[in-house]
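What follows is one structure encoded as structure tokens, with my remarks underneath.
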Amino acid sequence: MTYDIQHDTLSLFIPRIDPRRVIWNGRGSTLAEAVERYDIDDVYYVDELGDVIKDWSNYYGGHGSDIYVLDEGQLPRIPGLHATIESESLRPAMNAARMIKDEHEIGLIRKANDISSEAHKKVLANILKYKNEAQVEGLFMNVCISHQAKQQAYDPIAASGPNAGTLHYDANNENFEGRQLMCLDAGCEYELYASDITRTFPLAESWPSKEAENIYNLVERMQESCIQRLAPGVRYLDLHILAHQIAIDGLLKLGILHNGTREEIYVAGTSRAFFPHGLGHHIGLEVHDVGQAELMSVNMGKAVLQQVPSLFPQNFHAPVYDAALCHAPTDTQSSQLQEGMVVTVEPGIYFSMYALQHFYLPSPVHSRFINQKVLQRYMPVGGVRIEDDILITSRGFENLTKAPKGDAMFDIIRGRKSALSTAQQRRNANPPTSSYTFRATLDEARSHYAKPDQSRQPTG
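Per UniProt numbering, residue 1 is the first one in the sequence shown, and the count goes up by one each step.
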């Protein structure tokens with residue numbers, strides 16, 4: 001595909017119809033059919049690309065005949081081509097354009113969400129009959145395919161019990177016996193646009209334990225508090241910090257964390273033992289879509305959160321925020337939400353036996369804050385994550401994800417017809433009523449983001 005900037009002309013290049021392959025692969029499109037089907041101005045055969053580029057270059061006669069490509073090897077070798085090939089500027093420009101979705105793109109993401117939400121509902125309606133993770137994955141994909149969404153945006157995660165503590169678990173083959181919850185992270189792709197939805201639910205008609213209910217309610221509170229603050233101009237990183245602070249408060253109240261204040265635990269980074277990933281990401285043509293800058297960054301730079309800490313003990317003392325990259329929250333160069341962005345909001349609380357036993361509990365930085373007696377009661381929960389896809393609008397946000405959660409989730413599991421609770425319908429449809437957004441002051445940022453005492457780093 002080529003685009004002539006000066007004449008605003010988009011051209012598509014398609015393979016010629018090979019009669020020898022028609023019986024195997026189908027005929028493909030003719031030039032006329034391609035023009036009718038796609039939103040393009042011109043269409044040529046792929047083997048004509050060199051001639052078209054050369055004619056275009058000769059037409060401009062060296063004036064304004066720069067050719068922008070995504071990488072240096074993209075163009076075929078064209079003898080006698082008089083044009084400058086530039087491979088540095090196009091990708092950042094395309095990434096910036098992809099960050100803001102138009103109405104057509106939003107419609108496709110909405111459709112992908114509708115199909116995926118229906119698949120999540122079907123899983124809830126059948127979960128009491130199922131005995132294995134594979135059955136859940138199979139039903140989810142079947143519903144998507146039956147709605148003409150034949151590709152998943154990513155490999156489904158159907159993680160029951162302790163498997164939910166593995167963020168990208170995808171074996172999806174274990175039995176439910178003796179397990180409390182399932183974390184189902186699954187979303188289809190519709191006409192190349194992704195959805196990304198996670199629901200956590202009990203493998204029974206009610207909460208199997210008070211511990212499971214407590215963690216679910218905490219994660220739901222983290223998500224709702226962040227979603228209600230979404231609006232243009234909000235710095236997404238501030239919401240990630242807010243989610244950690246809510247998590248710390250909740251874990252302190254439950255007794256899983258102790259012997260410290262919210263600030264002490266936050267600075268030490270101990271909350272990352274239970275919430276190790278980012279709050280969310282852009283979504284679009286890719287499930288983790290590109291943007292001009294990382295969603296959780298400052299000064300339009302790299303992400304400040306280590307998404308998954310490398311498995312070395314010295315990295316598990318790191319605070320939630322990298323102090324060296326901290327700027328004032330009012331910095332105009334900070335990555336802020338804009339109208340037309342579609343982002344996920346996906347907080348979670350996890351109980352990873354491996355991470356806790358090998359890194360956090362042996363570390364004096366963290367172990368003093370973790371109540372191991374209470375922790376043991378919560379380990380069978382495995383993990384809880386709740387994830388929705390959110391469109392940023394001029395007034396606030398629109399939740400594109402209709403998959404039930406909370407009370408509506410239980411209605412479906414128990415066979416009731418209610419699809420969405422009144423409260424959830426209201427949250428999906430209405431922008432926030434308050435202009436308040438969470439913002440730390442610069443002084444708070446400096447104190448909260450300070451490095452922990454290096455002398456207390458774990459030694460093994």
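Just so it is clear, CB atoms sit at the ideal spot from N, CA and C, and this is done for glycine as well.
Please read all numbers here as calculations on a predicted model, not as lab measurements.
Compute the distance between the beta-carbons of residue i and residue j, then report whether it is under 8 Å.
i	j	result
HIS120	ILE197	yes
VAL345	LEU242	no
SER352	LEU295	no
GLY250	LEU218	yes
residue 465	VAL35	An answer regarding residue 465 cannot be provided, because it is not within the stretch 1 to 460 covered by the chain.
ARG27	ILE17	yes
GLU137	PRO156	yes
SER201	LEU230	Note that residue 201 corresponds to Phe in the displayed sequence, not to Ser. Taking 8 Å as the Cβ cut-off, PHE201 and LEU230 do not qualify as a contacting pair.
VAL234	GLY284	no
CYS183	GLY383	yes
LEU90	TYR68	yes
TYR190	LEU108	yes
GLN368	ASN259	Reading off the sequence shown, one finds Arg at residue 368, where the question assumed Gln. Against a cut-off of 8 Å, the Cβ pair of ASN259 and ARG368 comes out as a contact.
LYS373	ARG199	no
Just confirm the distance between the C-beta atoms of residue i and residue j, as a whole number of angstroms; I'd bet it's less than 8 Å.
i	j	result
GLY80	LYS54	7 Å
ILE127	LEU203	6 Å
ALA194	VAL287	4 Å
TYR44	SER11	6 Å
ARG377	GLU205	The Cβ separation is near 22 Å, so there is no contact.
GLU105	PRO232	That belief does not hold up - the Cβ atoms of GLU105 and PRO232 are roughly 18 Å apart, past 8 Å.
SER271	HIS244	5 Å
GLU133	ALA158	4 Å
ILE248	LEU257	7 Å
PHE275	PRO347	7 Å
GLU72	SER57	Rounded, the Cβ-Cβ distance is 17 Å, inconsistent with contact.
MET409	LEU124	6 Å
Can you have a look at residue i and say buried or exposed, based on whether 16 or more other CB atoms are within 10 angstroms of its CB?
i	result
ILE386	buried
THR261	exposed
VAL365	buried
VAL304	For VAL304, the predicted model reports a pLDDT of 46, less than 50, meaning its position is unreliable and no value from the coordinates is stated.
PRO19	exposed
THR84	exposed
LEU70	exposed
LYS101	buried
ASP277	According to the sequence as given, residue 277 is His; it is not Asp. It is buried - the Cβ of HIS277 has at least 16 other Cβ atoms within 10 Å.
VAL381	buried
ALA171	exposed
ILE5	exposed
PHE312	Confidence at PHE312 is low in this model, with a pLDDT of 38, below 50, so its placement is unreliable and no value can be given for it.
ASN113	buried
PHE316	Since pLDDT at PHE316 reaches only 38, below the 50 mark, its modelled position is unreliable, and the value read off the structure follows with that caveat. Classification of PHE316: buried, given that the 10 Å Cβ count is 16 or more.
ASN399	buried
ARG21	exposed
TYR354	exposed
ILE265	buried
LYS402	buried
GLY396	buried
What are the start and end residues of the alpha helix (DSSP H) that includes residue i?
i	result
VAL35	31 to 37
ILE413	407 to 413
VAL287	From DSSP, VAL287 is part of no alpha helix (DSSP H); its letter is neither H nor E.
LEU49	49 to 60
PHE140	133 to 146
ALA119	103 to 126
What first and last residue would you give for the beta strand (DSSP E) that runs through residue i?
i	result
ARG20	Here ARG20 belongs to no beta strand (DSSP E); instead the alpha helix (DSSP H) covers 19 to 25.
TYR3	2 to 4
VAL69	Element bounds for VAL69: n/a, residue is neither H nor E.
MET182	181 to 185
ALA93	Taken as a continuous stretch (DSSP letters only), ALA93 belongs to no beta strand (DSSP E), being part of the alpha helix (DSSP H) at 90 to 99.
Is residue i close to chain D, meaning its C-beta is less than 8 Å from at least one C-beta of that chain?
i	result
ASP407	Chain labels in this structure do not include chain D; a single protein chain is all it has.
Every unbroken beta strand (DSSP E) within the stretch 344 to 404, with a cutoff of 3 residues, ordered by chain: Complete beta strand (DSSP E) runs here, min 3: 348 to 350, 383 to 385, 388 to 392 and 397 to 399.
Alpha helix (DSSP H) segments (min. 4 residues) lying fully within the stretch 246 to 272: List check, alpha helix (DSSP H) in window: 262 to 268.
Alpha helix (DSSP H) segments (min. 4 residues) lying fully within the stretch 180 to 244: Restricted to the stretch 180 to 244, the alpha helix (DSSP H) segments that are unbroken, complete and at least 4 residues in length are 210 to 227, listed in chain order.
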